[in-house]
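Below is one structure; the comments refer to it alone.
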Amino acid sequence: MSVVGIDLGFLNCYVAVARSGGIETIANEYSDRCTPACISLGSRTRAIGNAAKSQIVTNVRNTIHGFKKLHGRSFDDPIVQTERVRLPYELQKMPNGSAGVKVRYLEEERPFAIEQVTGMLLAKLKETSENALKKPVADCVISIPSFFTDAERRSVMAAAQVAGLNCLRLMNETTAVALAYGIYKQDLPSLDEKPRNVVFIDMGHSAYQVSVCAFNKGKLKVLATTFDPYLGGRNFDEALVDYFCDEFKTKYKINVKENSRALLRLYQECEKLKKLMSANASDLPLNIECFMNDLDVSSKMNRAQFEQLCASLLARVEPPLKAVMDQANLQREDINSIEIVGGATRIPAVKEQVTRFFLKDISTTLNADEAVARGCALQCAILSPAFKVREFSITDLVPYSVTLRWKTSFEEGTGECEVFSKNHPAPFSKVITFHKKEPFELEAFYTNLHEVPYPDPRIGNFTIQNVFPQSDGDSSKVKVKVRINIHGIFSVASASVVEKQNLEGDHNEAPMETEASSKTENKDDASLSSDKQDRINQTIKKGKVKSIDLPIQSSLYRQLTQDLLNSYIENEGKMIMQDKLEKERNDAKNAVEEYVYDFRDKLGSVYEKFITPEDMNKLSTVLEDTENWLYEEGEDQPKQVYVDKLQELKKYGQPIQMKYVEHEERPKALNDLGKKIQLVLKVIEAHRNKDERYEHLDHAEMEKVEQYISESMNWLNSKMNAQNKLSLTQDPVVKVSEIVARSKELDNFCNPIVYKPKPKVEVPEDKAKANGEHNGPMDGQSGTETNPDPAKGSSQHTESGEMDVD
């Protein structure tokens with residue numbers, strides 16, 4: 000089973016895997032551990048990752064990037080409309096009201112939902128993992144920002160399904176970083192000691208997140224988390240872009256923002272300049288050739304100017320730091336260390352702001368780019384039964400308070416209950432007890448919308464069905480379990496009605512434990528307890544009751560229907576197949592092109608002696624015609640056409656190639672056969688001269704060997720004489736394969752006879768004793784005959800029973 004962690008970033012993605020007793024960040028087909036979050040759609044195929052990034056400028060309208068913030072949002076969402084201005088491709092309102100992208104694919108305009116777009120990217124990361132691991136990948140853990148709402152989280156889960164991945168957990172990015180930091184620490188305080196508090200700061204390309212975590216041995220607890228979803232590296236890039244756009248308008252009289260291709264190039268150059276300024280405080284040049292209207296532009300910038308330009312952005316670094324300390328009820332002296340990750344934390348001014356706030360040096364022990372992916376891979380290993388991981392418990396938290404609302408039977412009023420407060424531990428379950436006589440609906444929503452970076456507070460509606468009065472007319476006691484699950488998603492997990500039973504009823508049925516929570520005067524009110532507390536309460540008071548599970552009908556805000564999700568999965572499968580067919584077609588085309596260039600090169604060198612001038616001219620013409628065809632009508636042909644074209648070329652080329660290979664390999668094959676014949680002839684001669692080394696060989700068998708060797712020598716001489724009379728352009732008389740086969744045949748026929756081992760002579764026991772000898776091996780000796788020096792002409796027995804002959 001494979002264990003994979005995916006850092007699904009706004010700009011770039013990383014994949015980490017658990018193997019060889021550790022966590023490894025894997026490289027893609029470009030030997031790059033970073034895969035751009037970019038998809039480019041073409042007339043025949045898709046490019047994803049590095050290949051797509053290279054098309055951002057050339058295929059502007061059909062290359063999708065920067066789409067992470069569109070998850071789980073409607074087209075009319077203010078955030079979507081803000082992002083729309085930034086994006087060079089077109090956004091479209093999908094039939095279900097969500098935001099989608101409109102691009103040209105397979106020569107037609109096609110809308111894609113954000114779940115499909117992210118599904119394409121995840122499918123590529125899945126393929127990268129499978130290529131690295133050499134095995135199928137299904138289970139994974141995917142990172143998301145800690146500020147994602149339920150709708151956004153469900154959208155990412157749907158994208159994982161589109162990609163054919165089984166997401167074991169959606170993990171908050173700062174929690175993944177904390178796990179990657181803490182699980183390897185051997186010096187954490189024990190459970191009964193004061194925990195070690197660490198602040199994790201993650202400023203990536205599009206968002207800024209801060210969390211404070213408490214560590215004990217084998218335990219991680221997230222105390223508080225804050226964020227600025229609109230502050231990241233791209234904001235600093237935009238400040239530079241705006242500055243240079245204004246400068247170029249004055250200096251070169253060009254409006255860069257009207258030209259999307261030029262604007263993208265400027266963004267790329269500004270990002271490079273920003274990185275250079277992080278390492279260098281002096282003036283740095285910005286030069287772009289043929290930038291716009293065939294103009295070359297140039298300018299310069301230094302770090303001091305940059306920091307002054309971004310003063311308003313830098314001022315936003317401190318407030319989340321103060322907020323997270325307040326929420327965790329900690330002082331600066333309670334913090335043991337500050338860890339930073341994310342590309343934008345490399346900006347010196349950002350580091351200075353953090354250092355100034357905490358009054359201590361920051362730590363960079365974690366890999367700023369890969370820490371999230373590594374944490375996700377560790378979490379996946381913990382969740383996977385195939386891996387044994389050090390015991391380490393993780394307690395995350397709820398980023399926003401969640402409230403339930405329901406209608407009461409009194410004057411058509413409503414009841415409310417905050418079931419999860421902000422920074423409540425997660426995952427967590429609670430049980431609410433209702434007193435109802437009929438089915439009722441629960442509405443879940445975020446309590447404080449001003450804290451949530453989302454325009455709609457709704458989470459979903461849950462209808463508890465099949466609720467009826469008790470037999471005596473009283474309200475039924477309905478217990479509803481609500482849960483924040485491992486993905487950070489709220490749900491009404493289950494509901495059951497507690498039905499009173501007649502004490503004279505069936506005594507074979509075990510009595511159920513009922514909740515003994517305190518009741519209010521109004522029986523329509525609800526009482527709330529944690530799932531754990533509910534189980535404790537059940538042990539307090541026992542009665543003869545029966546618990547019946549109730550069906551729940553859920554209607555979640557911005558939830559994809561199963562039919563729509565299935566259609567996305569089916570479409571992704573079709574696109575993968577189209578990509579595969581197109582790759583095979585391109586490979587077939589490239590094989591023809593490669594054969595033409597390779598053969599033409601060898602015709603003028605190694606193959607020149609093996610072809611007549613007439614055939615050389617004819618073949619050169621064929622190769623030239625094929626090359627011209629490739630760049631004209633052969634530019635876009637089905638795979639089979641290229642396969643047939645290659646076979647046609649090989650009909651001309653293979654005979655020449657065969658003559659060359661035969662000429663190169665024939666001398667060695669002939670030499671090997673000749674050596675074997677000579678060795679056997681020496682044994683035949685020695686046996687004929689009564690050499691004692693070969694007196695054990697059978698005379699009749701040796702005559703057969705002599706006859707066979709004579710025939711082999713005649714065959715060899717005749718073939719060599721015939722071959723020597725031919726020119727290099729003619730087909731060989733004998734092929735290397737025939738010589739090798741003859742050599743093997745000689746071994747099989749002669750070796751068992753010629754190299755038969757000499758039988759061992761046993762010495763009589765009494766004589767052996769008289770000579771001080773032993774039949775069995777002595778200490779330090781083997782039971783085989785001692786081999787004299789081969790140089791003196793004595794026989795030498797090998798382990799295979801063969802004999803080396805001088």
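When you line the sequence shown up against numbering that gives the first Met the number 0, it's residues 0 to 805, in that order.
Glycine residues also receive a C-beta, built at the ideal position from the N, C-alpha and C atoms.
None of the values given here were measured: they were computed from a predicted structure.
Alpha helix (DSSP H) containing residue i: first to last residue?
i             : result
alanine 809   : This structure cannot speak to residue 809, because the chain is shown only from 0 to 805.
serine 709    : 698 to 723
alanine 36    : Alanine 36 -> no alpha helix (DSSP H), and no H or E assigned at all.
glutamine 561 : 561 to 602
valine 621    : 612 to 629
isoleucine 78 : 77 to 85
asparagine 49 : 49 to 52
Can you tell me whether residue i is helix, strand or coil according to DSSP?
i                 : result
leucine 169       : strand
threonine 394     : strand
phenylalanine 214 : strand
tyrosine 183      : coil
phenylalanine 199 : strand
phenylalanine 748 : helix
phenylalanine 66  : coil
phenylalanine 467 : coil
glycine 673       : helix
leucine 358       : coil
phenylalanine 609 : helix
lysine 814        : The structure shown has nothing for residue 814, since the chain only spans 0 to 805.
isoleucine 22     : strand
leucine 219       : strand
glutamate 28      : coil
glycine 414       : strand
serine 73         : strand
alanine 818       : The chain is shown from 0 up to 805; residue 818 falls before or after that span and cannot be answered.
What does the alpha-carbon distance come out to for the pair residue i and residue j?
i                 : j                 : result
proline 188       : valine 197        : 13 Å
arginine 45       : methionine 93     : 21 Å
proline 787       : glutamate 691     : Confidence at proline 787 is low in this model, with a pLDDT of 38, below 50, so the placement of that residue should be treated as unreliable; the coordinate-derived value is given next. Cα-Cα distance, rounded: 15 Å.
alanine 515       : lysine 476        : Model confidence at alanine 515 stands at a pLDDT of 28, short of 50, so the residue's coordinates are unreliable; what they give is reported in the following sentence. Each residue's alpha carbon lies about 11 Å from the other.
phenylalanine 243 : asparagine 279    : 20 Å
tyrosine 453      : lysine 406        : 26 Å
lysine 248        : valine 102        : 31 Å
valine 591        : leucine 725       : 32 Å
tyrosine 594      : tyrosine 29       : 25 Å
cysteine 309      : leucine 230       : 11 Å
glycine 504       : asparagine 460    : Low confidence applies here, because glycine 504 scores a pLDDT of 40, under 50, leaving its location unreliable and the question unanswered by this model.
arginine 457      : glutamate 442     : 8 Å
methionine 511    : glutamate 440     : Only weak support exists for where methionine 511 lies, its pLDDT of 29 falling under 50; the coordinates are left without a value.
glutamate 306     : phenylalanine 427 : 44 Å
isoleucine 676    : tryptophan 714    : 12 Å
aspartate 295     : threonine 62      : 25 Å
tyrosine 707      : glutamate 744     : 10 Å
glutamine 304     : lysine 350        : 17 Å
lysine 256        : glutamine 80      : 18 Å
glutamate 664     : glutamate 626     : 32 Å
tyrosine 104      : glycine 603       : 44 Å
DSSP has residue i in a bridge; who is on the other side?
i              : result
glutamine 552  : Thr462
histidine 434  : Lys476
aspartate 227  : Tyr207
aspartate 878  : No information on residue 878 is available, as it lies outside the stretch 0 to 805 that the chain covers here.
serine 495     : Lys478, Asp548
leucine 808    : With the chain covering 0 to 805 only, the question about residue 808 has no answer from this structure.
arginine 457   : Phe444
alanine 425    : Asp395
serine 736     : Answer is none; serine 736 lacks a bridge partner.
isoleucine 483 : Phe427, Phe489
Quick one: give me the first and last residue of the beta strand (DSSP E) that residue i is part of.
i                 : result
aspartate 282     : No beta strand (DSSP E) holds aspartate 282; DSSP gives it neither H nor E.
phenylalanine 444 : 439 to 445
aspartate 6       : 3 to 7
asparagine 11     : 11 to 18
arginine 404      : 401 to 406
Would you check whether the ligand SAM has a heavy atom nearer than 7 Å to the C-beta of residue i?
i           : result
proline 438 : Annotation note on the ligand SAM: not contained in the displayed structure, which lists no ligands.
Which whole runs of the alpha helix (DSSP H) in the segment 88 to 155 are 4 residues long or more, in chain order? 113 to 132
Within the segment 263 to 346, note down every full beta strand (DSSP E) run reaching 3 residues or more, in order along the chain. 283 to 291, 294 to 300, 334 to 340
Restricting to runs no shorter than 3 residues, where is the beta strand (DSSP E) found entirely within the segment 231 to 255? none
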